[in-house]
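What follows is one structure encoded as structure tokens, with my remarks underneath.
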Amino acid sequence: MAFIRSFGGRAAGAWRYALALLLVSAATAVRYWADGILHSQPFPTYFLAVLFTVAVAGAGPAAFASVLSAAAAAFFFIDPRGSFLISQPAEIVRLAIFLTIGLTIAAFAQAKARAYERALNAEVELAEARAREGADARLKAREAFIAGVLDSLPHEITVISATGVVLSVNKQWTRFAVENNGSGSAVLVGANYLESSRRAAEQGDPSAKAALEGIEALLAGERSAFEMEYPCHGPGEERWFVMHAARAECAPAAVVISHTDITERKRAVDALRQSEARFSSFMRHLPGLAWIKDLQGRYLYATDLTIRAFRTTQDALYGKTDEEIFDPLTAAQFRHHDEMALASTKGLISVETLAQDDGQIHHSVVSKFPIKDADSVPYAVGGVAIDITERVQAERQLQEATRRLQEADRRKDEFLATLAHELRNPLAPIYNAVSLLRREALESSADERHLKLLTMADRQVQHLIRLVDDLLEVSRISNGKIDLKKQETDLSDALRNAIDLANPILVERRHKLEASIPAAPLIVCGDPVRLTQIFANLLNNAANYTEPGGVVGIAVESAGDMAVVTVRDNGVGIPAGMLPRIFDLFTQVDQSARPTRSGLGIGLALVRSLVDLHGGSVEAHSDGVGRGSVFTVRLPLLPSGKSAETVEAESPAAARAPNRILVIDDDRDVADSLVILLEMLGATVEVAYSGEAGLARLQAFRPDVVLVDIGLPGIDGYETARRIRALTQERPVRLVALTGWGENDILARARDAGFDQKLTKPASFETLQEAVAG
715 MAFIRSFGGR AAGAWRYALA LLLVSAATAV RYWADGILHS QPFPTYFLAV
765 LFTVAVAGAG PAAFASVLSA AAAAFFFIDP RGSFLISQPA EIVRLAIFLT
815 IGLTIAAFAQ AKARAYERAL NAEVELAEAR AREGADARLK AREAFIAGVL
865 DSLPHEITVI SATGVVLSVN KQWTRFAVEN NGSGSAVLVG ANYLESSRRA
915 AEQGDPSAKA ALEGIEALLA GERSAFEMEY PCHGPGEERW FVMHAARAEC
965 APAAVVISHT DITERKRAVD ALRQSEARFS SFMRHLPGLA WIKDLQGRYL
1015 YATDLTIRAF RTTQDALYGK TDEEIFDPLT AAQFRHHDEM ALASTKGLIS
1065 VETLAQDDGQ IHHSVVSKFP IKDADSVPYA VGGVAIDITE RVQAERQLQE
1115 ATRRLQEADR RKDEFLATLA HELRNPLAPI YNAVSLLRRE ALESSADERH
1165 LKLLTMADRQ VQHLIRLVDD LLEVSRISNG KIDLKKQETD LSDALRNAID
1215 LANPILVERR HKLEASIPAA PLIVCGDPVR LTQIFANLLN NAANYTEPGG
1265 VVGIAVESAG DMAVVTVRDN GVGIPAGMLP RIFDLFTQVD QSARPTRSGL
1315 GIGLALVRSL VDLHGGSVEA HSDGVGRGSV FTVRLPLLPS GKSAETVEAE
1365 SPAAARAPNR ILVIDDDRDV ADSLVILLEM LGATVEVAYS GEAGLARLQA
1415 FRPDVVLVDI GLPGIDGYET ARRIRALTQE RPVRLVALTG WGENDILARA
1465 RDAGFDQKLT KPASFETLQE AVAG
């Protein structure tokens, strides 16, 4: 039934009546088939047809079905059959009852349908009313939403019609109009925006004229949008706005206009422009080069001096990498240092080289550093370079002068050694003869005059012998040939022995000796003979430079891990200009200020050399001429629980000047720049440009550390290292290999050759510092 209802529904017209006819025909067929059962009941099947018809087709078809069913029953199933003439009154009554019931059902169905229709119409009307109310509410909510959105925007917004009439504005527009135009009525809803702009333009306002022309172009369809910046002189200050206007394709709106306050942005832009101007001015006046690159190595900024040094232009440099500007070796050098600077938290200091227009290879000390954002994430790398080419050239000249001086010094040492040896040959028979004559004079009771002359000659020959011995000592120390026999030594014993040695001259010159030597031992690791020599020389020096009858003092005390010995006198003193070089070889105080005794100026030089060999220090102090002198020697005490052998093993270089570094590299630029960096570390540095030259300098210079380039011509770095190891078996030296290659086999070969460490060129300042420190 649901299918039939859905198919036919309550369709109006012939289809409903055709359905009634079909149902009555079906009822007739069923009644005819059941005639043997229902022979006295002609209407049961027709009742069903009427009910079905009223349910499906409605009241009209149901009434039609009732009449048609009565006619069919009278004709086919009421006697006489086949005729509409009914003979029995009872049948007529039954027929009338059936017809009455059918029509009643139809009438009832009609009434019910009309009632249902009225109810349905009422519901539809109610639904439509509610829909209209909902639509109105949604429209109002939408309008409120749009107004709220527009009011929340930081812009002044208005909508105008095709004639320029203001249709809508947000709160910001209203507030701005009131603040800057009194009542604001000229630009609020209902006002004509174009007319207001036209009047302002006619009064000479260029911004109003530009706005008017732009809006008219929009309304004429010549453009879809336009934008302009303009100043607005509000109460108390000038503010800047950007006006944006665009066509609106929703009548009656024709153009939407917004004004945005950009005063702070304008001020920020102006401040940024001024900051950039200051930055550029500052960078232009830097005494060196400066630049900034992004993380990909592209240049973002460079000073004019940098661009000239790079032999390019700003347009050709910006956005390019080093590989696009320089030769491969230079670019690789710059790129490697950039990467090291970005990887370091403190940046990188190195020496870089660059060929410039003057045809020279310029050297620069370069500081590279990461530039970070607010989250400390690097986004660029900066660099500042100071040209040190003149210094490098000066260093080379100084090195050459030093080499010549060292050569002269070597020849001097050879001369002194030869002179000392040659002097010993005639001195030996002279000394023997004087001694023999003096002994014979004493035994034969020669006259006092002859004995006095022989005693004077003996004293002078011994003095000459001491001078020759001092010359030999200086020569041996200068050539590193002195052999210290270190052992645990009580410094007090060395001082007492020194006093015994100096006693003859102290007695001869009638000096008063004031000695302060503690009973408790002060143990040092040293050669007792050489320690005695140090303090004997100082006592002799004090006695010689003090007028007869003076006071000479010697004292020792401990200060932390050092023993401090002071030798003082009240003699002639030392001029201030002499103090810095008082320990230099052959240095003597002005003869006019000293007593009659003579010397070569060797004693104090020996004192400093011997103190250095013991890992100590010596210094001189004087308040001036005639104010006496004080010499202070500091020596390291032997740590408790350690023997002299242990100290020697832990400090193999204690007998040599510290921080002595030899650089061997055939590339003069690399070698010279390394010298500069190492000297910045406070080291004493010499350079050789071949393996042969480095081996030749080894014994004379006696370095603590040797930096060797592996790729040396002739004797390569590996062979040079092997020979250095062979020459320094008793005096360990730290060997550091320099190479431009980073393969593991290079490291393995370097270790096999005797290197302690390998550095890949170019090495950073920190890496170099760690390498030489060990």
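Be aware that the sequence shown starts at 715, since it is given in our numbering, and climbs by one per residue.
Backbone N, C-alpha and C define an ideal beta-carbon position, used for all residues, glycine too.
Own chain residues within Cβ distance below 6 Å of residue i, not counting five before or after
{"i": "residue 1471", "result": "1450, 1485"}
{"i": "residue 976", "result": "954, 956"}
{"i": "residue 1423", "result": "1379, 1431, 1452"}
{"i": "residue 1037", "result": "1045"}
{"i": "residue 946", "result": "953, 955"}
{"i": "residue 906", "result": "878, 879"}
Residues sharing a beta bridge with residue i, DSSP
{"i": "residue 688", "result": "Nothing can be reported for residue 688: it is not among the residues displayed for the chain, which extend from 715 to 1488."}
{"i": "residue 1085", "result": "1094"}
{"i": "residue 1350", "result": "1276"}
{"i": "residue 1203", "result": "1238"}
{"i": "residue 1227", "result": "1266"}
{"i": "residue 885", "result": "DSSP output for residue 885 lists no bridge partner at all."}
{"i": "residue 954", "result": "945"}
{"i": "residue 1451", "result": "1422, 1472"}
{"i": "residue 1376", "result": "1400, 1420"}
{"i": "residue 1271", "result": "1278"}
{"i": "residue 830", "result": "Answer by DSSP bridge pairing: none, since residue 830 is not bridged."}
{"i": "residue 880", "result": "874"}
{"i": "residue 1013", "result": "1007, 1032"}
Where residue i falls: helix, strand or coil (DSSP)
{"i": "residue 1078", "result": "strand"}
{"i": "residue 981", "result": "helix"}
{"i": "residue 1345", "result": "strand"}
{"i": "residue 1429", "result": "coil"}
{"i": "residue 1211", "result": "helix"}
{"i": "residue 854", "result": "helix"}
{"i": "residue 1261", "result": "coil"}
{"i": "residue 721", "result": "Residue placement at residue 721 cannot be trusted, given a pLDDT of 35 that sits under 50; the coordinates are not used to answer."}
{"i": "residue 1436", "result": "helix"}
{"i": "residue 1335", "result": "strand"}
{"i": "residue 693", "result": "The structure shown does not extend to residue 693, since the chain spans only 715 to 1488, so no value can be given for it."}
{"i": "residue 1395", "result": "coil"}
{"i": "residue 1006", "result": "strand"}
{"i": "residue 903", "result": "coil"}
{"i": "residue 1381", "result": "coil"}
{"i": "residue 1123", "result": "helix"}
{"i": "residue 1283", "result": "strand"}
Cβ separation of residue i and residue j, assumed to be a contact under 8 Å, to the nearest whole Å
{"i": "residue 1429", "j": "residue 1412", "result": "Not really, about 13 Å apart at Cβ, beyond 8 Å."}
{"i": "residue 1436", "j": "residue 1403", "result": "No, residue 1436 and residue 1403 are not in contact; Cβ-Cβ is about 20 Å, not under 8 Å."}
{"i": "residue 1266", "j": "residue 1256", "result": "5 Å"}
{"i": "residue 1096", "j": "residue 1006", "result": "5 Å"}
{"i": "residue 1205", "j": "residue 1349", "result": "7 Å"}
{"i": "residue 1342", "j": "residue 1283", "result": "5 Å"}
{"i": "residue 783", "j": "residue 764", "result": "6 Å"}
{"i": "residue 800", "j": "residue 809", "result": "7 Å"}
{"i": "residue 1340", "j": "residue 1291", "result": "At roughly 15 Å, the Cβ-Cβ gap does not stay under 8 Å, so residue 1340 and residue 1291 are not in contact."}
Distance cut-off 8 Å: residue i Cβ against heavy atoms of the ligand FAD
{"i": "residue 1055", "result": "With respect to the ligand FAD, the structure offers nothing, as it holds no ligand at all."}
Same chain, Cβ closer than 7 Å to residue i, neighbours up to 5 away in sequence not counted
{"i": "residue 997", "result": "1004, 1017"}
{"i": "residue 1212", "result": "1246, 1249, 1250, 1253"}
{"i": "residue 1468", "result": "1435, 1436, 1439, 1449"}
{"i": "residue 1052", "result": "1007, 1011, 1082, 1095"}
{"i": "residue 1228", "result": "1265, 1267"}
Same chain, Cβ closer than 8 Å to residue i, neighbours up to 5 away in sequence not counted
{"i": "residue 1410", "result": "1402"}
{"i": "residue 774", "result": "730, 731, 820, 824"}
{"i": "residue 1406", "result": "1428, 1429"}
3-residue-minimum beta strand (DSSP E) runs that sit fully inside the region 916 to 952, ordered along the chain: 939 to 948
Entirely enclosed alpha helix (DSSP H) segments - the region 1015 to 1080, minimum 4 residues: 1018 to 1023, 1028 to 1031, 1036 to 1039, 1042 to 1057
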